[in-house]
């Protein structure tokens, strides 16, 4: 999801921190998926 400047102004700090944590988790999951996916493709060759 995209974050707009107007959204940032209306949300309070707690909400923003929660959203930030969610984004971090998403990023970590993507990295792990890339790493495991890359390893899997190497193994299958």
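Numbering (this note's numbering), first residue to last: 485 to 529.
We treat Cβ as the ideally placed atom computed from N, Cα and C, and that holds for glycine.
Only a predicted model underlies this, so the values are computations on that prediction, with no experimental measurement involved.
Once DSSP output is grouped into helix, strand and coil, what is the label at residue i?
i           : result
residue 472 : Because the chain spans 485 through 529 in this model, residue 472 falls outside it and cannot be assessed.
From which residue to which residue does the alpha helix (DSSP H) around residue i run?
i           : result
residue 502 : 497-528
What's the gap between the Cα of residue i and the Cα of residue j?
i           : j           : result
residue 515 : residue 521 : 10 Å
residue 506 : residue 498 : 12 Å
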